[in-house]
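A.B. asks:
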Amino acid sequence: MDLPSGTPRRLTTADEGEFMPAWSPDGKTIAYVTWTKAGGSINSVPSEGGAMRRLTSSPAYYISPTYSPDGSKIVFITGAIEDQLFADIRGEHEAGSPEEAMLHNPSSNGEITGPAGSTGTDLKYIPANGGAAVHIAPAQGRFPHFSDDPNRVYLSSGQGLMSIRLDGYDRRVLARITGKGTPPQQPSAGQMMISPDRSKVFLELQGKHYIVTLPRSGRDTVNISLAAPTANVPVKKMSAFGGDYLGWSRDGKSVSWSWGTNIYRQSVTEDKPETIPVSVTAARSRPQGSVVLTNARVVTMKGDEVIEKGDVVVTDNRIVAVGPAGKVIRPAGAKIVDVVGKTIIPGFVDVHAHMWPPRDLHQDQVWQYLANLAYGVTTTRDPQSSTTDVYAYADLVETGEILGPRVFTTGPGVFSSLGFDDKDSVSNYIKRYRDAYKTDTLKEYVVGDRNVRQWVAMACMENKITPTTEGALDMKLDLSQMIDGFSGNEHALPIQPIYNDVIQFVARTKTFYTPTILVAYGSPWTENKWFENTDVLTNQKLARYIPAELTNGMMRRRPQWFSPEEYNYGSIAKGAAGVVKAGGRVGIGAHGQMQGIGYHWEVWNVNAGGLSNLETLKVATIFGAEAIGLNQDVGSLESGKLADLVILDKNPLDDIRNTNTIRYVMKNGELFEGDTLNQIWPKQKPLDPQYWWGMGPKDNLP
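Position one of the sequence shown corresponds to residue 140 (this note's numbering), numbered consecutively onward.
#1: Counting along the chain, where does the beta strand (DSSP E) carrying R436 start and finish?
#2: Can you find the residues in the same chain that come closer than 8 Å, C-beta to C-beta, to H501, ignoring five residues on each side of it along the sequence?
#3: Alpha carbon to alpha carbon, how far is M597 from V645? Give it in angstroms, no decimals.
#4: For W594, does the three-state DSSP call read helix, strand or coil?
#5: Can you tell me where the alpha helix (DSSP H) with E754 in it begins and where it stops?
#6: Measuring straight from C-alpha to C-alpha, what distance separates T677 and M440?
#7: Could you work out which residue in V745, R697, A272, N752 is closest to S196 when comparing CA atoms only?
#8: Here's a check: name, in chain order, each residue in its chain whose Cβ is nearer than 7 Å to the Cβ of D793, leaving out the five neighbours to either side.
#9: Roughly how many angstroms separate the alpha carbons of L242 and Q732, rounded to a whole number?
#10: Taking V417 as the reference, give the member of W495, R423, W396 with the closest Cα.
#11: What beta strand (DSSP E) runs, 3 residues minimum, are completely inside the region 400-481?
#12: Given a threshold of 16 other Cβ atoms within 10 Å of its Cβ, counted over all protein chains shown, does Q330 qualify as buried or as exposed?
#13: What are the partner residues of R304, as DSSP defines its beta bridges?
#14: In terms of alpha-carbon separation, which member of P204, N290, I316 lies closest to D261?
#15: If we ignore side chains and look at the alpha-carbon of each, how far apart do E444 and I569 end up?
#16: Name, in chain order, the residues that DSSP records as bridge partners for D489.
#17: In or out: K649 buried (at least 16 other Cβ within 10 Å) or exposed?
#18: At the level of alpha carbons, what is the spacing between I761 and M693?
#19: Locate the beta strand (DSSP E) running through K263, then write down its first and last residues.
#20: Can you tell me where the alpha helix (DSSP H) holding D640 begins and where it ends?
#21: Indicate whether the contact test is met: 3 or more Cβ pairs, each with one atom in the region 791-810 and one in the region 442-456, closer than 8 Å.
#22: Counting Cβ pairs, one atom from each stretch, are 3 or more of them under 8 Å apart for the region 346-355 and the region 584-597?
#23: How is L535 classed by DSSP in three states: helix, strand or coil?
#24: Under the rule that 16 or more other beta-carbon atoms within 10 Å means buried, what is L142, buried or exposed?
#25: For P821, which residues from the same chain have a beta carbon less than 6 Å from its beta carbon, with the 5 sequence-adjacent residues on both sides left out?
#26: Looking at L784 and I484, is the spacing between their C-beta atoms short of 8 Å?
#27: Identify whether G156 lies in helix, strand or coil by the three-state DSSP scheme.
#28: What are the partner residues of M332, as DSSP defines its beta bridges?
#29: Please confirm whether L657 and E671 have their CB atoms less than 8 Å apart.
#30: Suppose the cutoff is 6 Å on Cβ atoms and the five residues either side in sequence are ignored; what does the same chain contact list for R545 look like?
#31: Using a threshold of 7 Å, is the CB atom of D261 nearer than that to any non-hydrogen atom of the ligand HEM?
#32: Spatial neighbours of V579 within its chain, please: CB distance less than 7 Å, with the 5 preceding and 5 following residues excluded, ordered by chain position.
#33: Of the choices K481, M494, A278, V461, whose alpha-carbon is the least far from that of G728?
#34: What residue range does the beta strand (DSSP E) around V374 cover?
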């Protein structure tokens, strides 16, 4: 893209994923990394276009290539292919709440974190024209980059800004820069970039950007706090809105960063940045043709309507008619699919769906997405995605490059570690969700005292953003957030049972209550009950969609076991049922505990509280759609809505466990077999082979 207002143009022609471009010092070459299920490489291409050159000799996990200032070397971080294929970012979460603290210690609760025996990542370099890689040291940090010294590379780490010589010796922590917080929990800077002359650091801290003058201190680490109005070194605030991908110009006179679809460039002597908008578009996937699903029982979720023998007519990706069989207009040439004896319901909506595919290098297919779609989940909302990678994955689903449910998210949570101390700072931060992330929802995550939480609520109103909240095992917190106008409450109210006063309160405040009973607050997690009583390891459908490496990690030698009377899911479900019967709204949130089948476990958990089967199905469909503001398009079977539906072999109105008798799943007008995800309309196309197929448990496992 030519500045200041050119059009982006593609430099390469390969089909593999391409990430993390880096300019050579002379501006003539761009290095980048690739990724496929077979691993990746480091490549280069002329900046004006031309033939690609592969610089590494063997496939691996490569990230963050950066040229040395003399242009002779490319430093990068590398690791094992398997560690990225099976990566799960739960272990990288910030411990901002009781839920996050639990995610920090996956070994105690059986959550997936990736394969055992992860080898970690290493820092290496290769000649700029390609060749054998030279090991420097274990990486122990991210964002490798150089100053004007070609013999020393810098990284951001949990300890601070770190540097190490290319021969692997003399690792130093130059500076630790912290923000506002309660000791000893002061948050540290995220990405930190040394200036070419090594005199300054450009950094991100608590959602803002700063340039900090770095004092000369020999080998000692300099501790710099930005919590006070004045720091102990010169500091310049660069952006009140923050952003990603920080960098210095070669001459050290300006810095740059990105924020959503904009790139910003700012002189170190100026107060405002130059804005460079970037637009890259792709067409949404939209099938063509008409299909009639005929002779099925149709549970529409339009009130209590059940059509005992009905037709659902779909044209392209939307429903165009629903009614008694033979009584609706069938488009000329429409394909007729006879589903006599089956039951059609809207696609399931998971409003608390942590799927968390690998960050940085994006997979060309996500097993979490396949598992959920195969089990009938056609719309998801992740309330706290930890990173912004989910937005790219959501786009890939929208364009049809990845198969999966609709992916919506709050993006990264709004945590107390952001150090908000006035209404303006909150408002500035919340703008990123609207302007950069292009989302209309966020999650307030125990962001501070009630004043701060109210600032968040007000900022969301100003920016037309719907906020949900973390329950955080705190009844007073939960109720006050409902009073203050937050739309949702994630996780169960921790004091059970709840009585009519609280039930009426939740219902009348119109709070969308998602109890996530699988991770029940205030009692043992209900997932353990299902793991103890469900044969997960031999489930062939699950094995098709979830790598055995991960299933084994969850199921074999689980560290927890509970007697039936210790569980409290019945009380939580009874309270949720009370909210529904009082006119309130409850949603299904499977929390990502066991992708796919876990959604049904949660449906059955909620049903145990006394809801009718039809009421439970409403919770799983139209109420969930309302909770995330999408009920105009999904959640019920009505003309004009998106064609997302599930066709069941057995009637869930007779037995709620029949939600798992899935024959077909239709998402966006495309019809798939539930067991295989082979597409049967509008094209007949088998599911592509997945990288984990054939990687089952070894014969010698117990």
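Beta carbons: idealized from backbone N, C-alpha and C, even for Gly.
C.D. replies: On the basis of the supplied data:
#1: 429-438
#2: G156, F158, W174, D528, A531, Y532, L535
#3: 20 Å
#4: helix
#5: 752-759
#6: 34 Å
#7: A272
#8: none
#9: Below a pLDDT of 50, predicted positions are generally treated as unreliable, and L242, at 36, falls in that range; the measurement from the model is reported next regardless. So the two alpha carbons sit approximately 11 Å from each other.
#10: W396
#11: 401-406, 413-416, 429-438, 445-454, 457-463, 474-477
#12: buried
#13: R291
#14: P204
#15: 40 Å
#16: T519
#17: exposed
#18: 32 Å
#19: 261-266
#20: 639-647
#21: yes
#22: no
#23: helix
#24: exposed
#25: P426, G428
#26: yes
#27: strand
#28: F341
#29: no
#30: T518
#31: In the structure on display, the ligand HEM does not appear, and there are no ligands present to speak of.
#32: First, the residue type needs correcting, since residue 579 is Asp and not Val in the sequence shown. The answer, listed in chain order, is K603, I604, T605, G768.
#33: M494
#34: 374-378
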